[in-house]
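Read the structure below first, then the notes.
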Amino acid sequence: MTMSQPVPQPIRDSDRRWAAFRSEVEALLKPGNPSGLSLTAFIKRELRQARLSGYSEHEILAEAMLRGFNLVVGGGVEIVYPRAWLRKTAYHYIQELRRQQQKCLSLEESWMPSEQPSLLEHLALETDLAILNRAFRELEVEEQRLLQLNIFGGLSCPEIKRLLETEGKFVSESALRKQKERAIKHLRQIYHSLRPLAELSDPQPSDR
Numbered sequence: 030m031t032m033s034q035p036v037p038q039p040i041r042d043s044d045r046r047w048a049a050f051r052s053e054v055e056a057l058l059k060p061g062n063p064s065g066l067s068l069t070a071f072i073k074r075e076l077r078q079a080r081l082s083g084y085s086e087h088e089i090l091a092e093a094m095l096r097g098f099n100l101v102v103g104g105g106v107e108i109v110y111p112r113a114w115l116r117k118t119a120y121h122y123i124q125e126l127r128r129q130q131q132k133c134l135s136l137e138e139s140w141m142p143s144e145q146p147s148l149l150e151h152l153a154l155e156t157d158l159a160i161l162n163r164a165f166r167e168l169e170v171e172e173q174r175l176l177q178l179n180i181f182g183g184l185s186c187p188e189i190k191r192l193l194e195t196e197g198k199f200v201s202e203s204a205l206r207k208q209k210e211r212a213i214k215h216l217r218q219i220y221h222s223l224r225p226l227a228e229l230s231d232p233q234p235s236d237r
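Those letters in the sequence shown? Residues 30 to 237, per the numbering used here, in order.
Right, dumping it as structure tokens:
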């Protein structure tokens, strides 16, 4: 008995568009490509201006590529000018990160005891903010998203509840509040566990 040959599946338009987009981006980012060098230099400059030293241009480009994939494959959109689109998307992503950093700073300041004004010094704030960002990254994915929606996105628990319902997830408002409280408590625990390590690694100012 002969085995039937698999019928080749037609290539979807979204797959074709994604392959074309990816091919153009790969060519753009080849070593020595002037357009690619200009793009990475732009991202580095924007990261410096936003004071996001914890991120590299590679991370920004990776996120932009992921958004491109979601747009092309998930949304059926064709990206006609990949270089301009990447530049614009990278810029907007950096601005999102900058706003998140400012939100973290506001959240951190709310924890700071008023009797310790020295913690409000610029360098100390930068150190604390770096610790807080690292602590946030160590949260569970569900905790990160809940805090992003509530603290960074400014959504209330009822609004988060409605958003989750559109994704087929049904959680009561009281359960969401408890999850948020646990997420903040977990963030505090990680934050305070990392602080002593940061203090040990930070050089102390000289008395001379």
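Here a beta-carbon is modelled for each residue, glycine too, at the ideal position from N, C-alpha and C.
Since the structure is predicted, the reported quantities are computational estimates derived from the model, not experimental observations.
Option in the options with minimal Cα separation from residue i
i: residue 131; options: 206, 162, 107; result: 162
i: residue 14; options: 98, 74, 213, 66; result: Nothing about residue 14 can be read from this structure; the chain reaches only from 30 to 237.
i: residue 212; options: 195, 180, 58, 199; result: 180
i: residue 219; options: 168, 175, 210; result: 168
i: residue 54; options: 106, 209, 68, 159; result: 68
i: residue 216; options: 201, 195, 43, 177; result: 177
i: residue 94; options: 74, 105, 51, 120; result: 51
i: residue 160; options: 61, 222, 123; result: 222
i: residue 110; options: 64, 194, 193; result: 64
i: residue 116; options: 66, 101, 197; result: 66
i: residue 166; options: 191, 183, 133; result: 133
i: residue 46; options: 102, 164, 191, 172; result: 102
i: residue 224; options: 60, 164, 87, 84; result: 164
CB-CB length for residue i against residue j, believed under 8 Å
i: residue 72; j: residue 89; result: 5 Å
i: residue 112; j: residue 57; result: 6 Å
i: residue 105; j: residue 43; result: 6 Å
i: residue 122; j: residue 92; result: 5 Å
i: residue 209; j: residue 175; result: 6 Å
Whether or not the segment 76–92 and the segment 121–135 are in contact is what I'm after, with contact meaning three or more pairs of Cβ atoms, one per stretch, closer than 8 Å; do they touch? yes
Suppose only complete runs of 3+ residues qualify. What are the beta strand (DSSP E) ranges in the segment 46–98, listed by chain order? none
Exercise. Between the segment 197–207 and the segment 169–187, do three or more beta carbon pairs fall short of 8 Å?
Worked result: yes
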